[in-house]
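These notes are about the structure you will find just below.
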Amino acid sequence: MTTGVVSQGQRVAGRGLLTLIAILSVYHILLLSGMLPPVAAWGGRVAELPANLQTLELFALGILLFFSLLILGHLRRWGGRFAWLFRVGCGVIAAYFSLNVVLNLMALGLLERLLFTPLSFMMAVFAWWLVLARS
31 MTTGVVSQGQ RVAGRGLLTL IAILSVYHIL LLSGMLPPVA AWGGRVAELP
81 ANLQTLELFA LGILLFFSLL ILGHLRRWGG RFAWLFRVGC GVIAAYFSLN
131 VVLNLMALGL LERLLFTPLS FMMAVFAWWL VLARS
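Here our numbering is used: the first residue of the sequence shown is 31, the next is one more, and so on.
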């Protein structure tokens with residue numbers, strides 16, 4: 031199932047990105063469970079988490095799971111002749127987290143600006159490193 035060799039840089043970037051995605055997933059789970067106030071998310075624009083935002087939180091968790099599978103597929107060289115799809119998927123992940131840095135900078139909530147902007151930046155760097163590192 032594995033073909034090719036993953037570089038040390040790709041391993042470091044992939045593990046770092048997967049770790050940060052796991053931390054972000056725990057954050058979303060804590061929001062859903064009510065253990066964190068909703069003002070700590072969605073740009074600081076909501077005081078309570080209505081049903082439609084709960085659905086979006088679940089969707090966000092699904093996206094993070096999908097991102098994790100793409101990263102694992104890229105690192106483990108799943109897909110045979112379709113392995114390039116995992117690389118392209120990781121490029122989409124890198125673009126997503128790059129955009130997320132800008133959106134976090136525009137957030138009303140101080141927590142999102144001070145905590146999640148650097149986190150998103152680190153995730154973007156790891157994702158671009160994963161995509162651009164040579165095998």
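By construction, the Cβ of each residue, glycine as well, lies at the ideal position given by its N, Cα and C atoms. The model shown is predicted, which means the values in this text are computed figures rather than measured ones.
Per-residue burial, residue i [other beta carbons within 10 Å of its own, 16 or more giving buried]
{"i": "M136", "result": "exposed"}
{"i": "L47", "result": "buried"}
{"i": "Q40", "result": "buried"}
{"i": "V161", "result": "buried"}
{"i": "I53", "result": "exposed"}
{"i": "A81", "result": "exposed"}
{"i": "Y116", "result": "Sequence check: residue 116 is Phe here, not Tyr. F116 is buried by the Cβ-count criterion."}
{"i": "F89", "result": "exposed"}
{"i": "A124", "result": "buried"}
{"i": "G139", "result": "buried"}
Proximity to residue i [Cα-Cα], best of the options
{"i": "T85", "options": "G44, L100, L62 and L94", "result": "L62"}
{"i": "F127", "options": "G139, P148 and W114", "result": "P148"}
{"i": "L51", "options": "G39, L95 and V76", "result": "Note on residue identity: the sequence assigns Ile, not Leu, to residue 51. The option with the nearest alpha carbon to I51 is L95."}
{"i": "L133", "options": "E78, F146, I123 and L83", "result": "F146"}
Presumed contact (8 Å Cβ cut-off) between residue i and residue j, rounded CB distance
{"i": "F156", "j": "A43", "result": "5 Å"}
{"i": "I55", "j": "L91", "result": "The residue asked about is misnamed: residue 55 is Ser in this sequence, not Ile. The pair is a contact, with the Cβ atoms about 6 Å apart (cut-off 8 Å)."}
{"i": "L60", "j": "W72", "result": "With a Cβ gap of about 14 Å, L60 and W72 do not count as contacting."}
CA-to-CA distance, residue j to residue i, given in whole angstroms
{"i": "W158", "j": "C120", "result": "8 Å"}
{"i": "E87", "j": "V35", "result": "36 Å"}
{"i": "L144", "j": "H104", "result": "31 Å"}
{"i": "L99", "j": "M153", "result": "16 Å"}
{"i": "R164", "j": "R45", "result": "16 Å"}
{"i": "T33", "j": "I93", "result": "Residue placement at T33 cannot be trusted, given a pLDDT of 47 that sits under 50; the coordinates are not used to answer."}
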